[in-house]
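Novice:
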Amino acid sequence: DAGVTQSPTHLIKTRGQQVTLRCSPKSGHDTVSWYQQALGQGPQFIFQYYEEEERQRGNFPDRFSGHQFPNYSSELNVNALLLGDSALYLCASSLIRSETQYFGPGTRLLVL
Amino acid sequence: GQQVMQIPQYQHVQEGEDFTTYCNSSTTLSNIQWYKQRPGGHPVFLIQLVKSGEVKKQKRLTFQFGEAKKNSSLHITATQTTDVGTYFCAGNSGGSNYKLTFGKGTLLTVNP
Chain A
1 DAGVTQSPTH
11 LIKTRGQQVT
21 LRCSPKSGHD
31 TVSWYQQALG
41 QGPQFIFQYY
51 EEEERQRGNF
61 PDRFSGHQFP
71 NYSSELNVNA
81 LLLGDSALYL
91 CASSLIRSET
101 QYFGPGTRLL
111 VL
Chain B
1001 GQQVMQIPQY
1011 QHVQEGEDFT
1021 TYCNSSTTLS
1031 NIQWYKQRPG
1041 GHPVFLIQLV
1051 KSGEVKKQKR
1061 LTFQFGEAKK
1071 NSSLHITATQ
1081 TTDVGTYFCA
1091 GNSGGSNYKL
1101 TFGKGTLLTV
1111 NP
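Protein chains in written order, with this note's numbering: chain A, 1 to 112; chain B, 1001 to 1112.
Structural data, given as structure tokens:
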């Protein structure tokens, strides 16, 4: 039973560029949440997707957008990258009726 | 907005000593979850507490949820080097709020 998978594992971009991160949820899960974790901090909620729609959004600008596909996988897109976007981006999956979230290994993004 | 505070930020112990981390929310929670993140890793779900005053044990780990459902604690008895990592609490206020709000975590280091 595969857990949550994310790709790529590491990414280096320059300011102003755009990036797309991908997530496949744990088998049987239908809800995907994205978090940003800066060094030495706890994960910060970006948004959650269910039934291919954004269900809730945290305090992140519109440069952060996402998508969920019919197979429940998800993408996180960040436009006009800033140095401050450098962080570990975590995807977490869950069942809609459960608050328990299972995290993937994350994508480490470095913006130069 | 909802804030979750966690203390201490760091804790260094000798192997065999006990360890406790405390979590306080600015608002009443529907549930609280605890995660462990090893250095360089991703958060791994430990447990979820839902009921007021709930106490749950996992081997040497004891989790408590306060009567007012605004605070929680994690206690580790007789720490081992395998306990090293950052322990996060994460709260959910329930209702139409689906996001988890994480504390900043407590980094535990264990001297063998």
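Each residue gets a CB set at the ideal place from its N, CA and C atoms; glycine is no exception.
Do B/Thr-1106 and B/Glu-1015 have their C-beta atoms within less than 8 Å of each other?
Specialist: Translated into positions along the second sequence, residue 1106 of chain B becomes position 106. Translated into positions along the second sequence, residue 1015 of chain B becomes position 15. Cβ distance not < 8 Å, so B/Thr-1106 and B/Glu-1015 don't count as in contact.
Novice: Applying the 10 Å Cβ sphere with the 16-neighbour rule, what's the burial state of A/Tyr-116?
Specialist: Nothing can be reported for residue 116 of chain A: it is not among the residues displayed for chain A, which extend from 1 to 112.
Novice: Quick check: is any heavy atom of the ligand COA less than 7 Å from the C-beta of B/Gly-1001?
Specialist: No copy of the ligand COA occurs in the structure displayed, which carries no ligand at all.
Novice: Should B/Asn-1071 be flagged as near chain A, meaning a C-beta pair shorter than 8 Å?
Specialist: Residue mapping note: residue 1071 of chain B aligns to position 71 of the second sequence, counting from 1. So no, B/Asn-1071 is outside the interface.
Novice: By a C-beta neighbour count over all protein chains shown, 10 Å radius and 16 as the cutoff for buried, is B/Leu-1074 buried or exposed?
Specialist: As a working note, residue 1074 of chain B is residue 74 in the second sequence. Buried, since its Cβ has 16 or more Cβ neighbours within 10 Å.
Novice: If the cut is a Cβ gap below 8 Å, which residues of chain B does A/Phe-103 touch?
Specialist: Reading the first sequence from its first residue, position 103 is the one you call residue 103 of chain A. Here the neighbours are Tyr-1035, His-1042, Pro-1043, Val-1044, Phe-1045.
Novice: Is the beta carbon of B/Gly-1066 closer than 8 Å to that of B/Phe-1088?
Specialist: Start at 1 with the first residue of the second sequence, and residue 1088 of chain B comes out as number 88. Start at 1 with the first residue of the second sequence, and residue 1066 of chain B comes out as number 66. It is not a contact, given that the beta carbons lie outside the stated cut-off.
Novice: Would you say the region 101-109 of chain A touches the region 1032-1048 of chain B, given that touching needs at least three Cβ pairs under 8 Å?
Specialist: Verdict: yes, contact present.
Novice: Please classify B/Lys-1059 as buried or exposed, where buried requires at least 16 other C-beta atoms within 10 Å of its C-beta.
Specialist: Your numbering for residue 1059 of chain B matches position 59 in the second sequence. Result: exposed.
Novice: Does the CB of A/Pro-61 have a neighbour CB from chain B at under 8 Å?
Specialist: Stepping through the first sequence from its first residue, residue 61 of chain A is reached at position 61. False, the Cβ-Cβ gap to chain B never drops below 8 Å.
Novice: Tell me which same chain residues have a C-beta within less than 6 Å of the C-beta of A/Gly-3, skipping the five on either side of it?
Specialist: Indexing the first sequence from 1 puts residue 3 of chain A at position 3. Taken in chain order, the residues that qualify are Lys-26.
Novice: Going by the DSSP bridge assignment, what does B/Ile-1047 pair with across the sheet?
Specialist: Position 47 of the second sequence, counted from the start, is the residue given in the question as residue 1047 of chain B. According to DSSP, B/Ile-1047 bridges with B/Trp-1034.
Novice: Spatial neighbours of B/Tyr-1035 within its chain, please: C-beta separation below 7 Å, excluding the five flanking residues on both sides.
Specialist: Looking up residue 1035 of chain B in the second sequence gives position 35. Pro-1043, Val-1044, Phe-1045, Leu-1046, Phe-1088, Ala-1090.
Novice: Find the nearest neighbour of A/Gly-147 within the set A/Gln-48, A/Thr-31, A/Glu-51, A/Arg-108, judged by alpha-carbon distance.
Specialist: Nothing about residue 147 of chain A can be read from this structure; chain A reaches only from 1 to 112.
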